[in-house]
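Student: Quick note, the sequences are listed as chains A and B, same order. Sequential numbering from 3 applies to the first sequence in my numbering. Sequential numbering from 3 applies to the second sequence in my numbering. Backbone N, C-alpha and C define an ideal beta-carbon position, used for all residues, glycine too.
There are 2 protein chains.
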Amino acid sequence: MSTIERCCEPLLNEPLGAGQADRLAAGFKLLSDPTRLRILSLVANAPAGELCACDLPAQLGRSQPTVSHHLTLLTEAGLLSRDQRGKWAWFRIEPDRVAILRAALDL
Amino acid sequence: MSTIERCCEPLLNEPLGAGQADRLAAGFKLLSDPTRLRILSLVANAPAGELCACDLPAQLGRSQPTVSHHLTLLTEAGLLSRDQRGKWAWFRIEPDRVAILRAALDL
DNA sequence: CTTATACATTGACGTTCATCGATACGACTA
DNA sequence: TAGTCGTATCGATGAACGTCAATGTATAAG
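1. Closest by CA to A:A79, which one among A:H71, A:D85, A:R99?
2. Taking Cβ positions only, does B:V69 come closer than 8 Å to chain A?
3. Would B:S4 be called buried (16 or more neighbouring beta carbons within 10 Å of its own) or exposed?
4. How is the alpha helix (DSSP H) around B:L62 delimited, first residue to last?
5. Report yes or no: is there a C-beta of chain B within less than 8 Å of the C-beta of A:A79?
6. What does the Cβ neighbour count give for A:P17, buried or exposed, with the cut at 16 atoms within 10 Å?
7. Assuming contact is defined by CB atoms lying nearer than 8 Å, are A:V45 and A:R94 in contact in what I supplied?
8. Give a yes or no on whether the minimum CB-CB distance between B:R40 and chain A is below 8 Å.
9. Against chain A, with Cβ distances strictly below 8 Å, would B:E52 count as a contact?
10. Per DSSP, A:R94 forms a beta bridge with which residues?
11. Straight-line CA distance for B:L62 to A:A20?
12. How big is the Cα-Cα spacing for A:K31 and B:D24?
13. Report the option in B:A55, B:A60, B:P59 whose CA atom is closest to the CA atom of B:T77.
14. Which residues in the same chain have their Cβ closer than 7 Å to the Cβ of B:L13, if we skip the five residues on either side of it in sequence?
15. Taking 8 Å as the limit between beta carbons, can you name the residues of its chain near A:E52, skipping five residues before and five after?
16. What three-state label does DSSP hand A:R8 in the structure shown?
17. I'd like to know whether the C-beta of B:D57 is nearer than 8 Å to at least one C-beta of chain A.
18. Could you tell me whether the Cβ of A:L13 comes closer than 8 Å to any Cβ of chain B?
19. From the beta carbon of A:P97, is the nearest beta carbon of chain B less than 8 Å away?
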């Protein structure tokens, strides 16, 4: 999954080309999984705006490899940023990247 | 695919419950396919705001069954409305449903 | 009635993907 | 150095999904 980029005008401004549609679909695909949405939600609502990965398996009811997999996808796409502090990985939301996807749905 | 409903506060207002995350993910899953995004884009930019399904296979480079499949999904979810006129099916965007998904991404 | 056209449905195929157990890696600690 | 803990990677598995050919259904035209 490559980084989310501003790939197109709002969906309803002009017809999407095939390449634009591929990139935009890849972005929304990241939001199409309940576990990833809950991760984004938990990080966004975390105290001081950041969350330790160590808390997630218990809160989500998913295994540690599964959580790590989703965190990797979200970080590679730029929706989350990672800050490694010693053994722990802390994550923050990247609002600008979320906004790119939201803007595509402006009517 | 059931109808998209306003299932939650904005993603970043409070942590998503499991059921809310499932419904929201189902909505974004509809936007996670390039063919469906292009359909939405073509309908949204069509003259008089409506598009005949008969034009889509050629414009999308997809077979008629594939296009019919995606139109069914988008219509069942409420993102499109269908108006059958004789042999032809005409589609319109339902902006309120699109707005539900966009609102979940408000920061 | 026969033919042609628009759209839906069925069935199958190949791919993608979420998930987990096992294991490896890296950092702190005693 | 040895041990523990947090995280990443590997490999496998089962389910979901996009696609199309074939077929069915309905409407219109001749």
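Tutor: Walking through what the data contain:
1. A:R99
2. no
3. exposed
4. 58-62
5. no
6. buried
7. yes
8. yes
9. no
10. A:E52, A:S83
11. 9 Å
12. 14 Å
13. B:A55
14. A106, L107
15. V45, D85, W92, F93, R94
16. coil
17. no
18. yes
19. yes
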